[in-house]
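For the sequence shown, our numbering gives the first residue as 87, with consecutive numbering after it. Everything below concerns the one structure shown next.
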Amino acid sequence: MLKSDATPARKTPSAPDGNAVPKDNKRTKVAAGFLRQIEPAEPAIVEGAVSDQTPSQDAPPAPEPPQSSVAAHPHEIELKLLVDADRIAHFNAAPVVAANARNKGSRKHLRSVYYDTPERMLRRNGLSLRVRQSGARFVQTVKTEAADDPLRRGEWEASVASLAPDLALAMPFIPEKLRSRLEARPLEAVFTADVHRHARMIDLPSGTVEIAFDRGVLTASDRSLPVSEIELELKSGSASAIYEVALRLAEHGAVKPSIRSKSARGFDLAAGTPPAARRPRKLRLDPSVTLDEAFATILRSCFLHLLQSLPAAEDGRNPEGVHQLRVALRRIRSALDLMRSVGALSNLDALRSEARWLAQDLSAARDWDVFQLETLPTIAKACPSIAGFDALGRAAAERQSDAYRKAHHALDDRRCAMFLIGLGNWIETRGWSNDVAAEDLGRLAEPAVNFAQRILSEQYAKALKRGRRFKSLTMEELHRVRLATKRLRYLSEFLLPLFADRKSARKFARRLAGLQEELGAFNDMAVTASLLDGLGAAPDGAIAAAAIAGWQARASIGVRPALQGTWRDFTAARVPWSSQG
């Protein structure tokens, strides 16, 4: 469950049609990157996530490239729905399609080749380069990954002569710092996508959506991966039209919402690695932003993290996947709780309840991962003379497998899909504006800074109150301190960007994170005790279980002085939201 395959050998740097990959391309003075905007005149930004095979955290912004050589599509707005291959025709006959499609659509056979350097320079920087053949036409596409919005990605197209890429046409969309390095390295074909597509246009009052039913296969060396999905791409109108179609399709049959591209799947296939488990990106909030806009930015960030965490959690080979998905769900719940401060919102409780349900069904898998990968091996290595750790590990592995089956059952449940699509639609349409009472509506137009100062002050005061006489607190009281500081940490992640220009913000965030981490270690000990109590290990594992319990009991005493020092450092830090911050 937690294993990954070996990395395959590199391919030769040539296109599948036998043409050599261009090497001597002219450099261009035009910089480019990911366009976050609707209008094509705004600056561009490339952003990615922290991972060995995924993009770097921040690439520099750059102006937009000239439009003379490329199709005028600065971005795409798209959501995928993964479906069973034998059910894809069933969705083509769904009422939302039958009643709103313009006609029977078009059918195409698409053959695509994805290129990168041997070191995967493009992928590491959040870029992909593809050449697609459809009939006699060849189109080269440069794409960027989602930066701060789940549905939107940069996309630029240009016609080329064959399946071999034309790097000169791609250069306007490559960050300047990468161009000379990219020119010095040959491109190679990493994988291919062979897809049969049936595309139709759906017209709704909220917008026009192209719905594409894709069936095919991704191939990398001797590996292959089937493709069976429905792509929903906005052509005009509001992005809420995508969620409207997705919701209607989810009511018609089992679907899994996804923002994971064919490119991401293909590169992981070629490398034999599981999907990356990504940490949330740091928020950026302008101090002058309104509360309504701040809510939208916070929720989009949380939802993006949630959707990015799903593939790794569903795959199961990387335990960080379930962990990051649980973190994303906690962030969603914290953001929804934050919005309660504005007034009564009718949909908050339902959304929060669904997030809580999903998180609960993932919790056991995460607990057993920590036990199997951290707690058990650490203590077993430190106590080589004690017998029974192997037997205890085998018993724990059975519980771990049961927990993962429960997690996967929840992720496969239609309830999960409906929650994700409904949440995305609520965020896209800013549903809170419709839910809030008329007398509270004006608060959404107020500066977010004022709201942040009040909310952070209140939660900080609660944390200090819970931590009074910290030195003499019991384990249960420390648990309550942990919950208060955890909530303060999430609120700080959401709202401290409004005070990002203050040095005290970074210092406060570091000390809060350190405190929460140490308090979390105490909580892990309590979780370990409950796991051991319910394990029912064979007698030959009982001694090892007792050793773990004793080890952690002693550790809880030994770390107390350090924890007290961390608490003192935290309480001594200047709060950045004060007028003197």
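Don't be surprised by glycine CBs; every beta carbon is placed ideally from N, CA and C.
Below 8 Å on the Cβ atoms is my guess for residue i versus residue j; work out the distance and round it to an integer in Å.
i: residue 529; j: residue 377; result: 6 Å
i: residue 166; j: residue 420; result: Incorrect: roughly 27 Å between the Cβ atoms, too far for contact.
i: residue 314; j: residue 363; result: The Cβ separation is near 24 Å, so there is no contact.
i: residue 303; j: residue 289; result: Actually they are not in contact, since the Cβ atoms of residue 303 and residue 289 sit about 32 Å apart, beyond 8 Å.
i: residue 380; j: residue 371; result: 6 Å
i: residue 466; j: residue 475; result: 4 Å
i: residue 608; j: residue 564; result: 6 Å
Please identify the residue among the options whose C-alpha is closest to the C-alpha of residue i.
i: residue 206; options: 189, 220 and 271; result: 271
i: residue 416; options: 485, 449, 398 and 293; result: 449
i: residue 593; options: 567, 298, 660 and 300; result: 660
i: residue 570; options: 586, 582 and 553; result: 553
i: residue 250; options: 403, 234, 235 and 226; result: 226
i: residue 400; options: 563, 550, 361 and 591; result: 361
i: residue 398; options: 365, 598, 422 and 588; result: 365
i: residue 164; options: 496, 350, 634 and 321; result: 321
i: residue 541; options: 575, 563 and 522; result: 575
i: residue 617; options: 452, 508, 606 and 476; result: 452
i: residue 275; options: 338, 462 and 198; result: 198
i: residue 410; options: 423, 422, 390 and 349; result: 390
i: residue 182; options: 168, 247, 336 and 268; result: 336
i: residue 473; options: 626, 294, 169 and 311; result: 626
i: residue 316; options: 368, 612 and 176; result: 176
i: residue 201; options: 180, 479 and 268; result: 268
i: residue 585; options: 537, 566, 311 and 621; result: 537
i: residue 539; options: 600, 373 and 511; result: 373
i: residue 441; options: 184, 229, 491 and 502; result: 502
Can you tell me where the alpha helix (DSSP H) holding residue i begins and where it ends?
i: residue 342; result: No alpha helix (DSSP H) contains residue 342, which is instead part of the beta strand (DSSP E) from 342 to 344.
i: residue 625; result: 625 to 644
i: residue 571; result: 561 to 581
i: residue 464; result: 462 to 468
i: residue 590; result: 589 to 621
i: residue 263; result: 262 to 269
i: residue 476; result: 475 to 498
i: residue 585; result: Element bounds for residue 585: n/a, residue is neither H nor E.
i: residue 406; result: 406 to 425
i: residue 520; result: 517 to 521
i: residue 348; result: 348 to 357
i: residue 174; result: 174 to 178
i: residue 437; result: 434 to 456
Terminal residues of the continuous beta strand (DSSP E) containing residue i?
i: residue 278; result: 274 to 290
i: residue 194; result: 192 to 202
State buried or exposed for residue i, treating a residue as buried only when at least 16 other CB atoms are found within 10 Å of its CB.
i: residue 560; result: exposed
i: residue 342; result: buried
i: residue 578; result: buried
i: residue 636; result: exposed
i: residue 446; result: exposed
i: residue 402; result: buried
i: residue 156; result: At residue 156, the pLDDT of 46 sits below 50, so the modelled position is not reliable and the matter cannot be decided from this model.
i: residue 648; result: exposed
i: residue 662; result: buried
i: residue 236; result: buried
i: residue 603; result: exposed
i: residue 306; result: buried
i: residue 664; result: exposed
i: residue 464; result: exposed
i: residue 405; result: buried
i: residue 161; result: buried
i: residue 435; result: exposed
i: residue 532; result: exposed
i: residue 658; result: exposed
i: residue 255; result: buried
i: residue 651; result: exposed
i: residue 103; result: The predicted position of residue 103 is uncertain, since its pLDDT is 43 and thus under 50; a value taken from the coordinates is nonetheless stated next. Result: exposed.
i: residue 140; result: Caution is warranted here: a pLDDT of 43 is assigned to residue 140, below 50, making its placement in the model unreliable, and the coordinate value is therefore given only provisionally. Its Cβ being crowded by 16 or more others within 10 Å, residue 140 is buried.
i: residue 558; result: exposed
i: residue 589; result: exposed
Which residues share a DSSP beta bridge with residue i?
i: residue 238; result: 163
i: residue 376; result: 533
i: residue 229; result: 214 and 241
i: residue 335; result: DSSP, once it has assigned bridges, lists no residue as partnering residue 335.
i: residue 673; result: As displayed, the chain neither begins before 87 nor continues past 667, which places residue 673 out of reach and without an answer.
i: residue 312; result: 303
i: residue 295; result: 288 and 320
i: residue 168; result: 315 and 342
i: residue 187; result: 288
i: residue 220; result: 196 and 223
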